[in-house]
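A.B. asks: Numbering (my numbering), first residue to last: 41 to 114. Glycine included, every Cβ here is placed at the ideal spot set by N, Cα and C.
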């Protein structure tokens, strides 16, 4: 059974319908500095339990997992 994930309004505005967002956008959505996000990724391979997808020299973060994080879930 698949549950429907509600994406918060601000996150939906940032993502603009995309499935993945850039590190700077993830930092803005979680109210952190982008360098903090990159440091956590370098040290642990994740940030707040979310693993990004590498695309070239960029990290792409899944919007659905960020929505769960912002809703207070795991």
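Run through DSSP, which three-state label would residue 93 get?
C.D. replies: Reduced to three states, the DSSP call for residue 93 is strand.
A.B. asks: If you drop the 5 nearest sequence neighbours on each side, which residues of the same chain put their C-beta closer than 7 Å to that of residue 64?
C.D. replies: Cβ within range, chain order: 74.
A.B. asks: Please say whether residue 77 and residue 70 have beta carbons closer to each other than 9 Å?
C.D. replies: Yes. Within cutoff.
A.B. asks: Can you list, in chain order, the residues of its chain whose CB lies under 6 Å from that of residue 81, leaving out five sequence neighbours each side?
C.D. replies: Here the set comprises 87.
A.B. asks: According to the Cβ coordinates, are residue 99 and residue 51 closer than 9 Å?
C.D. replies: Not in contact: residue 99 and residue 51 (Cβ atoms no closer than 9 Å).
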